[in-house]
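Working notes for the structure below.
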């Protein structure tokens, strides 16, 4: 896997063994998502939830994000993200945090200097170790909506399996949904009540 564009274009992203049940975002989806995010990435404070090997956050850094916070529960992935950050020379702009996202997100405001995140990307795992379907997206969106971690105008991008139904929490709305094979990507914003 490689960085698609930006200052580190073509550089390799280290992955984990194929038997680890970690499925990094495909290059096609990553390219498409960042084409849509292009006007918002430069200088942004970016949060990569369920970061896996860090491909999305690393792509954001390559494309000019001001800083990226990666949150991942699996220790092997945390070490892999740290290795990728060091290999690509992003140590000054990145933080890797080992945490269970579903236990709450409010504590993450500290890592955005209490300004909130401009872009939040989440790609929860589709299946567990026993290949049973998981459904973490709605719970994670609810934690984002109530966590006080979004900057004004924050854009949330959610990737999930097409069979996973989601409930949009109060305060958030989908502005765009794109299908890629068995994957759905939603672009979500806070509802502006001032209009």
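Numbering (our numbering), first residue to last: 1 to 195.
Note that the Cβ used here is the ideal one computed from N, Cα and C, for glycine as well.
Local conformation of residue i per DSSP, three classes
i	result
residue 177	strand
residue 97	strand
residue 117	strand
residue 47	strand
residue 188	strand
residue 152	strand
residue 70	strand
residue 158	strand
residue 88	helix
residue 108	helix
residue 127	strand
residue 2	strand
residue 61	helix
residue 183	strand
Residue i, buried or exposed, once every other Cβ within 10 Å from all chains shown has been counted against 16
i	result
residue 50	buried
residue 72	buried
Of the listed residues the options, nearest to residue i (C-alpha basis)
i	options	result
residue 48	124, 110, 104 and 36	124
residue 182	171, 163 and 87	163
residue 59	16, 90 and 126	90
Inset, instruction - Evaluate the contact criterion for the region 73 to 81 versus the region 27 to 41: three or more CB pairs, one atom per stretch, below 8 Å. - result: These segments do not touch.
Legend entry - Contact the region 99 to 110 vs the region 139 to 146: 3+ CB pairs below 8 Å: With the cut-off at 8 Å, the region 99 to 110 and the region 139 to 146 touch.
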